[in-house]
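Residue numbers (my numbering), protein chains in the order written: chain P, 1 to 258; chain R, 1001 to 1364.
Have a look at this one:
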């Protein structure tokens, strides 16, 4: 109940749009992956996207920081439109952090170097300062004691928390999560979700591709269901899970909730 | 059905001992079954037949510092061919009284190489010392200043020449190869095509033909009166040749990198150059250390092909000694000696690469 009132307060504060996607299309070769996405995400809003594999949900969030290029329509992030302009892409990437399914830590660098790499080289932050920031965020995800180890020496859950901290080191305004827990062993999922919940409490704008329904219920303002390259249904988590409207949503929910 | 519940925690045990002492090891490894025993006995017999005569020839019956005439009467090896001619083998036609200069140059080189072994020493000061060292070495070899007489590069030969060709060849070919590999992966078609054509053309011809082209055909295209140093031309041919092979090995390493690494680097704001320099190349180059070192080793040995354009490298100076009537026929000893020198070079490269691999490993 508390959570919900907090949510609605946030909602009122979220007048400004953070991300605007207007009639966006994307093809892989001949394959039409995204078929006209219209989506506005406000400041501090938290969105969970679910849907069957191949529905285009990962591709959608990868378009937001230009890991994939869209071919039609517009994506505007914090007032900057994503085009081929390299300067714009760099500006947007500086504001958007991303966490991947397979963590993608740099295996040849220690944990603290993984975190400090971006700030030192892309932001020209002095090394000492960057390392202090790194330690601050490592403590935040409760993993500071592993700072001198290499990624290969950590468990999957620990690696994913490091990956979250690495993104936070670039002080992003938006965080994208691409199935952050689906490559993890079951007993490690909670520690990663806890780190994400903590981030949510601090008011980060978050877009999470995930099938963790518990997480969606407790954290998301909106849940979107995607299928065949379209956003089929979007609603508050309560309505979405209790009272799905579209047949495909119903089918999908019945499949994942058993 | 009754549930199965384990109440006690299993005790931790030491792994079983498979063999006991030396005799146990011998029995397990050398005499296990009649076939193994037979092989062991056969091998021992062959070793008994081969090793003692070699030792007798090389060490017991050998002569070490005599004239050629004495050698002919000896039963064993005539190491005198090395002892009496080592200055020519090492330095070739470099003026006899000035041979301390290449000697010091090589000592500086070995000193620098030895100091560079330790990765903790890889600072910018080491870079400066290398530059200073190379200037001093060049000055010592060439002379012409501060009262040192000038020695034309046509007189350079022996070990300094071999080392010059290989060390410069390898250090220049490596970065060039990396650039070519990146170029071959480029999204820009013109650059990609250029790199592919270069790599395939160079790999399609033997090094000998490149050396010939460099020394005989290339000068024909130069305007009259302009000549380019022969050593330099051979050097360039070796660099171009080795780089093409390194490029392909590095490309293999680049292809082994997952897309996730590129994406992670991009998402924390690194541009192409930084991504390559900080994330991709350190990993890719590490993976390909073993094949890269193979290429460097074979390039080191291939420098001996410069004999065909009449450069007097280590192998050629040794052969030249053998054409002296006094030492005619002692080729076995001379070639064994050269082989040992090459082996030392190759083995230390292989050894160093193993050390490097171990140091760079970030696995548990």
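Note that beta-carbon positions come from the ideal geometry of N, C-alpha and C, so glycine has one too.
Where does residue i fall in DSSP's three states?
| i | result |
| --- | --- |
| residue 1026 of chain R | helix |
| residue 34 of chain P | strand |
| residue 251 of chain P | helix |
| residue 142 of chain P | coil |
| residue 41 of chain P | strand |
| residue 1283 of chain R | helix |
| residue 243 of chain P | coil |
| residue 1120 of chain R | helix |
| residue 1096 of chain R | helix |
| residue 1014 of chain R | coil |
| residue 185 of chain P | coil |
| residue 1175 of chain R | helix |
| residue 1348 of chain R | helix |
| residue 1361 of chain R | coil |
| residue 1008 of chain R | coil |
| residue 190 of chain P | helix |
| residue 153 of chain P | helix |
| residue 1169 of chain R | helix |
| residue 172 of chain P | coil |
| residue 1261 of chain R | helix |
| residue 202 of chain P | coil |
| residue 148 of chain P | coil |
Leaving aside the five residues before and after residue i along the sequence, list all residues of the same chain whose C-beta is less than 8 Å from its C-beta, in chain order.
| i | result |
| --- | --- |
| residue 1270 of chain R | 1278 and 1279 |
| residue 1349 of chain R | 1293, 1296, 1297 and 1300 |
| residue 1285 of chain R | 1178, 1250, 1253 and 1292 |
| residue 167 of chain P | 97, 98, 99 and 175 |
| residue 1222 of chain R | 1228 |
Spatial neighbours of residue i within its chain, please: CB distance less than 7 Å, with the 5 preceding and 5 following residues excluded, ordered by chain position.
| i | result |
| --- | --- |
| residue 1359 of chain R | 1119 |
| residue 125 of chain P | 119 |
| residue 209 of chain P | 49, 57, 58, 61, 177, 178 and 179 |
| residue 232 of chain P | 225, 226, 246, 248 and 249 |
| residue 1214 of chain R | 1233, 1234, 1236 and 1237 |
| residue 204 of chain P | 175 |
| residue 193 of chain P | 181, 212 and 215 |
| residue 1202 of chain R | 1240, 1241 and 1244 |
| residue 1099 of chain R | 1087 and 1091 |
| residue 1144 of chain R | 1150 |
Since residue i is in the alpha helix (DSSP H), which residue starts that stretch and which ends it?
| i | result |
| --- | --- |
| residue 1319 of chain R | 1314-1322 |
| residue 1130 of chain R | 1124-1142 |
| residue 1219 of chain R | 1218-1221 |
| residue 1043 of chain R | 1033-1055 |
| residue 1330 of chain R | Unbroken run through residue 1330 of chain R: none, as it is neither H nor E. |
| residue 1277 of chain R | That residue, residue 1277 of chain R, is in no alpha helix (DSSP H); it is neither H nor E in DSSP. |
| residue 156 of chain P | 156-168 |
| residue 968 of chain R | In this structure chain R extends from 1001 to 1364, so residue 968 of chain R is not present and cannot be described. |
| residue 1151 of chain R | Here residue 1151 of chain R belongs to no alpha helix (DSSP H), and DSSP marks it neither H nor E. |
| residue 1269 of chain R | Residue 1269 of chain R -> no alpha helix (DSSP H), and no H or E assigned at all. |
| residue 1070 of chain R | 1068-1073 |
| residue 1089 of chain R | 1086-1091 |
Determine the extent of the beta strand (DSSP E) in which residue i is found, giving its start and end residues.
| i | result |
| --- | --- |
| residue 1301 of chain R | Taken as a continuous stretch (DSSP letters only), residue 1301 of chain R belongs to no beta strand (DSSP E), being part of the alpha helix (DSSP H) at 1289-1302. |
| residue 17 of chain P | 17-28 |
Enumerate in chain order the residues of its own chain whose CB-to-CB distance from residue i is below 6 Å, with the five nearest sequence positions on each side excluded.
| i | result |
| --- | --- |
| residue 1077 of chain R | 1057, 1058, 1062 and 1333 |
| residue 4 of chain P | The predicted position of residue 4 of chain P is uncertain, since its pLDDT is 48 and thus under 50; a value taken from the coordinates is nonetheless stated next. Nothing listed; no residue qualifies. |
| residue 230 of chain P | 35 |
| residue 1029 of chain R | none |
| residue 19 of chain P | 41 and 77 |
| residue 1090 of chain R | 1158 and 1159 |
| residue 137 of chain P | 165, 168 and 169 |
Let me check one thing: in DSSP terms, what residues is residue i bridge-paired to?
| i | result |
| --- | --- |
| residue 50 of chain P | P/225 |
| residue 235 of chain P | P/223 |
| residue 283 of chain P | Only positions 1 to 258 of chain P appear in this structure, which leaves residue 283 of chain P out of reach. |
| residue 1063 of chain R | R/1078 |
| residue 230 of chain P | P/227 |
| residue 1158 of chain R | R/1313 |
| said: In chain order, what are the residue ranges of uninterrupted beta strand (DSSP E) at least 3 long that sit wholly in the segment 52-129 of chain P? | reply: 72-77 and 96-99
| query | Mind pulling the alpha helix (DSSP H) runs of 4 or more residues that sit fully within the segment 1205-1259 of chain R? | reply | 1207-1212, 1218-1221 and 1230-1255
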